[in-house]
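Residue numbers (UniProt numbering): 1 to 114.
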């Protein structure tokens, strides 16, 4: 029987990978929404009003069909909003990275002084 080909070793490898994976920083800014998600968030309530018995997954299907039916001019409005959100995200990430780098440098200095 070849080594490393058993179920237990595969499970162990998966566990090791999960353990190595960094935990997400709760202070990190969220990624900006796409134009479609902005549209979906703005129209979810009206779709729910039009179809009161509709399930959550079906709301997405209806919104997707409506999104596909929109013209380029109508989609530009949402693209503009998405671009603005993307720019804000870039600024927030820059602040976040600067703050993170400063705290890492501070930790290194504290470690060196001990």
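C-beta: ideal position from N, C-alpha, C; glycine also.
Using beta-carbon positions only, say whether residue i and residue j come within less than 7 Å of one another.
{"i": "residue 126", "j": "residue 63", "result": "As shown, the chain starts at 1 and ends at 114. That puts residue 126 outside it, with no answer to give."}
{"i": "residue 34", "j": "residue 82", "result": "yes"}
{"i": "residue 39", "j": "residue 78", "result": "yes"}
Kindly indicate which residue of the options has the alpha-carbon position closest to the one of residue i.
{"i": "residue 90", "options": "24, 30, 23, 72", "result": "30"}
{"i": "residue 26", "options": "93, 107, 36", "result": "93"}
{"i": "residue 36", "options": "61, 96, 55, 23", "result": "61"}
{"i": "residue 67", "options": "56, 28, 41", "result": "41"}
Quick check: what's the CA-CA separation for residue i versus residue j?
{"i": "residue 56", "j": "residue 105", "result": "46 Å"}
{"i": "residue 74", "j": "residue 80", "result": "11 Å"}
{"i": "residue 45", "j": "residue 109", "result": "52 Å"}
{"i": "residue 76", "j": "residue 59", "result": "22 Å"}
{"i": "residue 23", "j": "residue 71", "result": "41 Å"}
{"i": "residue 32", "j": "residue 88", "result": "8 Å"}
{"i": "residue 54", "j": "residue 107", "result": "52 Å"}
Problem set entry | the segment 86-104 in contact with the segment 40-58 per 3-pair CB rule at 8 Å | no
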